[in-house]
Amino acid sequence: MKEKIKLEIKNSINIKEKILNDDNLIELIDLIFEKCYYSLKNNGKIIFCGNGGSFADSQHLAAEFVSRLRFDRNPLPSLALGTNSSNLSAIGNDYGYENIFSRELSVLGNKNDIFVPISTSGNSPNIIKAIKAGKKIGMTVFGLTGKNGGLMNGLCDYTIIIPSDSTEKIQESHIMIGHILCYLIESKYFNKI
Numbered sequence: 010m011k012e013k014i015k016l017e018i019k020n021s022i023n024i025k026e027k028i029l030n031d032d033n034l035i036e037l038i039d040l041i042f043e044k045c046y047y048s049l050k051n052n053g054k055i056i057f058c059g060n061g062g063s064f065a066d067s068q069h070l071a072a073e074f075v076s077r078l079r080f081d082r083n084p085l086p087s088l089a090l091g092t093n094s095s096n097l098s099a100i101g102n103d104y105g106y107e108n109i110f111s112r113e114l115s116v117l118g119n120k121n122d123i124f125v126p127i128s129t130s131g132n133s134p135n136i137i138k139a140i141k142a143g144k145k146i147g148m149t150v151f152g153l154t155g156k157n158g159g160l161m162n163g164l165c166d167y168t169i170i171i172p173s174d175s176t177e178k179i180q181e182s183h184i185m186i187g188h189i190l191c192y193l194i195e196s197k198y199f200n201k202i
């Protein structure tokens, strides 16, 4: 079992090294950082959504912005769609599960916001509908995905595609990138860098 443990750690490191050595991906993360920073400076917010583990990641990342990451500070506006269980069940029941995020986004989002849909495959129907809703509002949309990027790759303004086919390794890298973005944003916003 120890060898399996080491192999899993090595696999995670290998994916992160691919990200580290991809100058285009690093440039994209830097660009997204700037877009998020200026959105927040202009009274925007960062809105996340995802399914399953990506739903948990959405809540996790939104909480980092609202609470704190590395130092005590004022909250930064962020939220994860689908966290109101009454909204979620009502929309799912009345309009179909594929509309659970798009309907909420259409009332909570505005053109100054950044929308961050998270999907390891890039093909979840409710995520695709939410992206289209965000674009209709005029939001900047940057997707976090993996594998080949799926349908998200052609719909988002910017797409970070984790170079892996492993769902859990993609999710690990999504959280890493989300933490990096939160760190950079809060540091610049509160003059810590």
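Going by my numbering, the first residue of the sequence shown is number 10, and it counts up by one from there. Note that beta-carbon positions come from the ideal geometry of N, C-alpha and C, so glycine has one too. All of these numbers come straight from a predicted model, not from anything done at the bench.
Any non-hydrogen atom of the ligand GDP within 7 Å of Ala-89 CB: Inclusion of the ligand GDP in the displayed structure is not the case, the ligand content being empty and no account of it being possible.
Secondary structure of Leu-88, DSSP reduced to three states: strand
C-beta contact flag for Thr-92 and Thr-129 at 8 Å: no
Close beta carbons around Glu-181, own chain, < 7 Å, minus the five adjacent residues each side: Ser-21
Pro-134, DSSP secondary structure in three states: helix
Bridge partners - Gly-155, DSSP secondary structure assignment: Ile-171
Alpha helix (DSSP H) segments (min. 4 residues) lying fully within the segment 29 to 69: 32 to 50
Reference Ser-115; option with closest CA among Ala-139, Asn-121, Asn-96 and Asn-83: Ala-139
8 Å contact criterion, which Tyr-106 and Asn-132 should meet: CB distance rounded: Their Cβ separation, rounded to whole angstroms, is 15 Å, which puts Tyr-106 and Asn-132 out of contact at 8 Å.
Span separating the alpha-carbon of Ile-14 from that of Asn-23: 14 Å
Given Pro-126 as reference, the closest of Ile-170, Pro-84 and Gly-101 once Cα atoms are compared: Ile-170
CB contact check: Lys-15 to chain B, cutoff 8 Å: Structure shown: chain B not included; a single protein chain is present.
Cut-off 6 Å between Cβ atoms - residues of its own chain near Gly-187, not counting five sequence neighbours on either side: Leu-70
C-beta atoms of Ile-41 and Tyr-167 nearer than 8 Å: yes
CA nearest to the CA of Met-161, picked from Ile-137, Lys-144 and Glu-177: Ile-137
Start-to-end residues for the alpha helix (DSSP H) that takes in Phe-110: 109 to 117
Three-state class that DSSP yields for Ile-123 in the structure shown: strand
Outcome for Leu-29 when other beta-carbon atoms lying within 10 angstroms are tallied against a minimum of 16: exposed
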